[in-house]
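Number of protein chains: 6
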Amino acid sequence: MPSQQYVEGMQEMRSHFGSAADQWIKAIHDIYPEFAKINVEFPFGELYRRDIVDDKTRELCTVAALTVQGFALPELKVHVKGALNTGSRREEILEIITQMIAYCGFPGATNALLAAKEVFDEIDNASDVAPKS
Amino acid sequence: MPSQQYVEGMQEMRSHFGSAADQWIKAIHDIYPEFAKINVEFPFGELYRRDIVDDKTRELCTVAALTVQGFALPELKVHVKGALNTGSRREEILEIITQMIAYCGFPGATNALLAAKEVFDEIDNASDVAPKS
Amino acid sequence: MPSQQYVEGMQEMRSHFGSAADQWIKAIHDIYPEFAKINVEFPFGELYRRDIVDDKTRELCTVAALTVQGFALPELKVHVKGALNTGSRREEILEIITQMIAYCGFPGATNALLAAKEVFDEIDNASDVAPKS
Amino acid sequence: MPSQQYVEGMQEMRSHFGSAADQWIKAIHDIYPEFAKINVEFPFGELYRRDIVDDKTRELCTVAALTVQGFALPELKVHVKGALNTGSRREEILEIITQMIAYCGFPGATNALLAAKEVFDEIDNASDVAPKS
Amino acid sequence: MPSQQYVEGMQEMRSHFGSAADQWIKAIHDIYPEFAKINVEFPFGELYRRDIVDDKTRELCTVAALTVQGFALPELKVHVKGALNTGSRREEILEIITQMIAYCGFPGATNALLAAKEVFDEIDNASDVAPKS
Amino acid sequence: MPSQQYVEGMQEMRSHFGSAADQWIKAIHDIYPEFAKINVEFPFGELYRRDIVDDKTRELCTVAALTVQGFALPELKVHVKGALNTGSRREEILEIITQMIAYCGFPGATNALLAAKEVFDEIDNASDVAPKS
Numbered sequence: 000m001p002s003q004q005y006v007e008g009m010q011e012m013r014s015h016f017g018s019a020a021d022q023w024i025k026a027i028h029d030i031y032p033e034f035a036k037i038n039v040e041f042p043f044g045e046l047y048r049r050d051i052v053d054d055k056t057r058e059l060c061t062v063a064a065l066t067v068q069g070f071a072l073p074e075l076k077v078h079v080k081g082a083l084n085t086g087s088r089r090e091e092i093l094e095i096i097t098q099m100i101a102y103c104g105f106p107g108a109t110n111a112l113l114a115a116k117e118v119f120d121e122i123d124n125a126s127d128v129a130p131k132s
Numbered sequence: 000m001p002s003q004q005y006v007e008g009m010q011e012m013r014s015h016f017g018s019a020a021d022q023w024i025k026a027i028h029d030i031y032p033e034f035a036k037i038n039v040e041f042p043f044g045e046l047y048r049r050d051i052v053d054d055k056t057r058e059l060c061t062v063a064a065l066t067v068q069g070f071a072l073p074e075l076k077v078h079v080k081g082a083l084n085t086g087s088r089r090e091e092i093l094e095i096i097t098q099m100i101a102y103c104g105f106p107g108a109t110n111a112l113l114a115a116k117e118v119f120d121e122i123d124n125a126s127d128v129a130p131k132s
Numbered sequence: 000m001p002s003q004q005y006v007e008g009m010q011e012m013r014s015h016f017g018s019a020a021d022q023w024i025k026a027i028h029d030i031y032p033e034f035a036k037i038n039v040e041f042p043f044g045e046l047y048r049r050d051i052v053d054d055k056t057r058e059l060c061t062v063a064a065l066t067v068q069g070f071a072l073p074e075l076k077v078h079v080k081g082a083l084n085t086g087s088r089r090e091e092i093l094e095i096i097t098q099m100i101a102y103c104g105f106p107g108a109t110n111a112l113l114a115a116k117e118v119f120d121e122i123d124n125a126s127d128v129a130p131k132s
Numbered sequence: 000m001p002s003q004q005y006v007e008g009m010q011e012m013r014s015h016f017g018s019a020a021d022q023w024i025k026a027i028h029d030i031y032p033e034f035a036k037i038n039v040e041f042p043f044g045e046l047y048r049r050d051i052v053d054d055k056t057r058e059l060c061t062v063a064a065l066t067v068q069g070f071a072l073p074e075l076k077v078h079v080k081g082a083l084n085t086g087s088r089r090e091e092i093l094e095i096i097t098q099m100i101a102y103c104g105f106p107g108a109t110n111a112l113l114a115a116k117e118v119f120d121e122i123d124n125a126s127d128v129a130p131k132s
Numbered sequence: 000m001p002s003q004q005y006v007e008g009m010q011e012m013r014s015h016f017g018s019a020a021d022q023w024i025k026a027i028h029d030i031y032p033e034f035a036k037i038n039v040e041f042p043f044g045e046l047y048r049r050d051i052v053d054d055k056t057r058e059l060c061t062v063a064a065l066t067v068q069g070f071a072l073p074e075l076k077v078h079v080k081g082a083l084n085t086g087s088r089r090e091e092i093l094e095i096i097t098q099m100i101a102y103c104g105f106p107g108a109t110n111a112l113l114a115a116k117e118v119f120d121e122i123d124n125a126s127d128v129a130p131k132s
Numbered sequence: 000m001p002s003q004q005y006v007e008g009m010q011e012m013r014s015h016f017g018s019a020a021d022q023w024i025k026a027i028h029d030i031y032p033e034f035a036k037i038n039v040e041f042p043f044g045e046l047y048r049r050d051i052v053d054d055k056t057r058e059l060c061t062v063a064a065l066t067v068q069g070f071a072l073p074e075l076k077v078h079v080k081g082a083l084n085t086g087s088r089r090e091e092i093l094e095i096i097t098q099m100i101a102y103c104g105f106p107g108a109t110n111a112l113l114a115a116k117e118v119f120d121e122i123d124n125a126s127d128v129a130p131k132s
């Protein structure tokens, strides 16, 4: 039975990523449940739930961090969605990625820009096929 | 003669770091003037001057980025000061560094925490010796 | 004609990776023979052949190292096979990858977990289609 | 209207990468024009145009840098073309990548070697289908 | 009041690092208690306490990971002590660091070797001044 | 008894770094002889001795690589000397470090610039106290 921290962590995670949160954690849980448990309980059941910094700022900071790391494009795409869902406009996300040129150079920032574009396109394509009533 | 972009960049840089901006750039200029020129004109004369994202958020994103990079502690200390000067409380800076545990692990985040502490101590020690009128 | 160190290195390499060793080195040799020569002679003809640390521990250490590097997923997959072939159970490999969350954060560790899963699936799929006599 | 630095930067960029320069910058411009502006003006409109180091050496240094970074394979492929276009033979590029084994280990260098091979194959395949008059 | 996970985590941590565990955590706690809480509860109160992999192997894997990261020398020194305290001989630690040349090149491995030497010297110097009864 | 490759490697290494080569290798040898053996035999006894790329270009590529790595400042200082000893002017070294801003951002490039300055100062200070006959 999941801990209270896990339950609250999944709620927090859904408020950032929507139903993608459940898919992400299920995929990890199927490989190694201990990894999934930590992934939910620690960052989302504890860290992100503290209100010292608002979620919009937190997600932009994570976008910045994953941009300079360079290799974390799948996770960056998840957090670009998280940034949009916590109140950032697309232009703000692109501006923070552009700011990172100064801290990681063009290759890392370029790859992040292209990853953000993929997320925006997925959203636009999904809404294209949605019924427009 | 410095370009207008350079002059505006130095002004922007001083609004983040105070007189430390001039010291930093002078040290670099004494080694290689071209490096100093780019350092002022590009991030501060152009990037940071755009008002798409506020300076407080920008500085916290840079703190996040330098934390995960791990090796950039001198620059991180400069931007911890920049975060304080653009409106972040100490607790907000420490919270963002703590958030980075999830993206770079404990070693990088620990080193950043200790670097932030050094900045806070320098500020406290400087104000200790300042006249308290 | 290959050196004795090269011949012994290929033997060592095959004991870790099976026939994948020959395929890997052939692909590199076709591009630049000098690279392949060093790749066989130095880590496998010399380093891995010393019995100061057993091969199982060595391979788990390499899995740990490639997990935190983040960008080395093709090489990580090779060494997940190496870990299995030198006596690690799947759960041990997943546990070491999970341990790395503490040293490289979730993005690097998540990508490594997914890469390990791909290796396990390839093995399971290969044995599915194998004749079961 | 583009600045003079932008115009000169695009000329410099084309002398390294041919028509791929325009495609690369157009793709970035379509996502975020400010990123494209900086990408052209700063490294190519200013840095690469200084004749303190020749373009051949500059491109080989960039190949070295992107090899050790590990995650920047799309950009590495662009600069492998840049190295060829500024006078390096294939063997020189492969030798510098091999040299990087000593500074980033085998995984980063192997991935760079495979990326260079992809560029060489693209060139060879393009000339195969070209009319041979 | 500390959680049970925290209490068990401190016990686990002491079994790896001796009294250095308390000093390390106290220093972090004085800066930001939330960071210290996570540092004890997650890796030591949960992860390291699982017996899927023995502590000796875990510590050598962490030594490998911190070697390739390159910037984490203070943490590496802590885990070199952890490796000694969980049953590794000095030669085994040096051999794993040497193995990492193949995965991170000479600079990272050299810095790790020098850091391990500092730990060994501290131990030797401490025992020199200890009473030899 | 050292191999022929080792003897030739030390000669090559001295041609890059002068007597610093012997000091560097002795320090490593005193910690772990196997590490020193590989350090001499592989990069210097084999790699750097091939004449496909000249030593000046090789050293500038290594300066570029160590700049973007960020954490390898002791090794960078050694190779700044290596670059000077193989024919680069100070300005060329500073220009390549400045070029790296585009590939690793300002923090890594700034730290490299300051490290190069330290090497130049050491050389200038050494020649100040040398007899000027």
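Protein chains in written order, with numbering that gives the first Met the number 0: chain A, 0 to 132; chain B, 0 to 132; chain C, 0 to 132; chain D, 0 to 132; chain E, 0 to 132; chain F, 0 to 132.
Each residue gets a CB set at the ideal place from its N, CA and C atoms; glycine is no exception.
Check your understanding: Quick one: is F/Tyr31 near chain E, going by C-beta distance under 8 Å?
Key -> yes
Check your understanding: By Cβ distance, which residues of its chain are closer than 8 Å to C/Gly107, with the 5 residues on each side in sequence left out?
Key -> Thr66, Val67, Gln68, Gly69, Met99
Review point. Can you tell which of F/Ala125, F/Gln4, F/Lys76, F/Glu90 has its C-alpha closest to the C-alpha of F/Gly44?
Key: F/Gln4
Exercise for review: Would you mind working out which of E/Ser14, E/Asp123, E/Lys80, E/Phe34 sits nearest E/Val62, comparing C-alpha positions?
Suggested key: E/Lys80
Check your understanding: Span of the alpha helix (DSSP H) holding C/Met12?
Key -> 3-16
Point to revise | Per-residue DSSP class, three states only, for F/Phe105 | key: helix
Exercise for review: Check E/Ile100 in the structure and name its three-state DSSP category.
Suggested key: helix
Practice item. Please name the residues in the segment 87-105 of chain F whose beta-carbon is closer than 8 Å to at least one beta-carbon of chain A, in chain order. Key: Met99, Ile100, Ala101, Tyr102, Cys103, Gly104, Phe105
Check your understanding: Mind checking if E/Val110 is an interface residue toward chain B, Cβ cutoff 8 Å exclusive?
Key -> It should be noted that the sequence gives Asn, not Val, for residue 110 of chain E. By this cut-off, E/Asn110 is not an interface position.
Check your understanding: What residues from chain A crowd round E/Phe41, counting only those whose CB sits closer than 8 Å?
Key -> Ile37, Phe41
Check your understanding: For the putative contact between B/Leu112 and B/Leu93, defined by C-beta atoms under 8 Å, what is the C-beta separation to the nearest angstrom?
Key -> 7 Å
Review point. Thinking C-beta only, is C/Tyr31 closer than 8 Å to D/Thr97?
Key: yes
Practice item. Measure the C-alpha to C-alpha separation of C/Arg88 and B/Val77 and round it to an integer number of angstroms. Key: 47 Å
Check your understanding: In or out: D/Lys36 buried (at least 16 other Cβ within 10 Å) or exposed?
Key -> buried
Point to revise | Three-way DSSP call (helix, strand, coil) for E/Arg88 in this model | key: coil
Check your understanding: What residue range is occupied by the uninterrupted alpha helix (DSSP H) comprising D/Leu59?
Key -> 54-68
Practice item. Pull up the distance between the alpha-carbon of B/Ala19 and that of B/Thr85, whole angstroms please. Key: 15 Å
Exercise for review: Provide the residue span of the alpha helix (DSSP H) that contains F/Phe34, from first to last.
Suggested key: 32-38
**Study point:** Distance CB(F/Phe105)-CB(A/Tyr102) smaller than 8 Å
**Key:** yes
Exercise for review: Could you tell me whether the Cβ of F/Ser132 comes closer than 8 Å to any Cβ of chain D?
Suggested key: With a pLDDT of only 49 at F/Ser132, under 50, the local geometry of the prediction cannot be trusted, and the value read off the model is given with reservation. So, not an interface residue.
**Study point:** 8 Å Cβ cutoff met for C/Tyr47 and C/Glu90
**Key:** no
Practice item. Rank D/Val118, D/Asn124, D/Val6 by C-alpha distance to the C-alpha of D/Pro73 and give the top, closest one. Key: D/Val118
Practice item. For A/Lys80, return the contacting residues in chain I, with the cut-off set at a CB-CB distance below 7 Å. Key: Going by chain labels, chain I is absent from the structure shown, which instead holds the protein chains A, B, C, D, E and F.
Practice item. Determine the direct distance from the alpha carbon of A/Ile27 to that of A/Cys60, and round the result to whole angstroms. Key: 24 Å
**Study point:** Listed by chain order, chain E residues near B/Lys116 by CB distance under 7 Å
**Key:** Ile30
Check your understanding: Are the C-beta of F/Gly44 and some C-beta of chain B separated by less than 8 Å?
Key -> no
Check your understanding: Should E/Glu40 be labelled buried (16 or more other beta-carbon atoms within 10 Å of its own) or exposed?
Key -> buried
Check your understanding: Less than 8 Å separating the beta-carbons of E/Ala82 and E/Glu58?
Key -> yes
Practice item. Give the secondary structure of A/Asp50 by DSSP, where H, G and I count as helix, E and B as strand, and everything else as coil. Key: coil
Exercise for review: Please state whether DSSP places B/Ala71 in a helix, a strand or coil.
Suggested key: coil
Check your understanding: Taking 8 Å as the CB-CB cut-off, is D/Gln10 touching chain F?
Key -> no
Check your understanding: Is the shortest distance between the beta-carbon of B/Leu65 and the beta-carbons of chain A less than 8 Å?
Key -> yes
Point to revise | Nearest-angstrom Cβ-Cβ length linking C/Ala64 and E/Ala125, presumed shorter than 8 Å | key: About 30 Å; that fails the 8 Å criterion.
Check your understanding: Between B/Asp54 and the rest of its own chain, which residues show a CB-CB distance below 6 Å, the 5 nearest in sequence each way excluded?
Key -> Thr85
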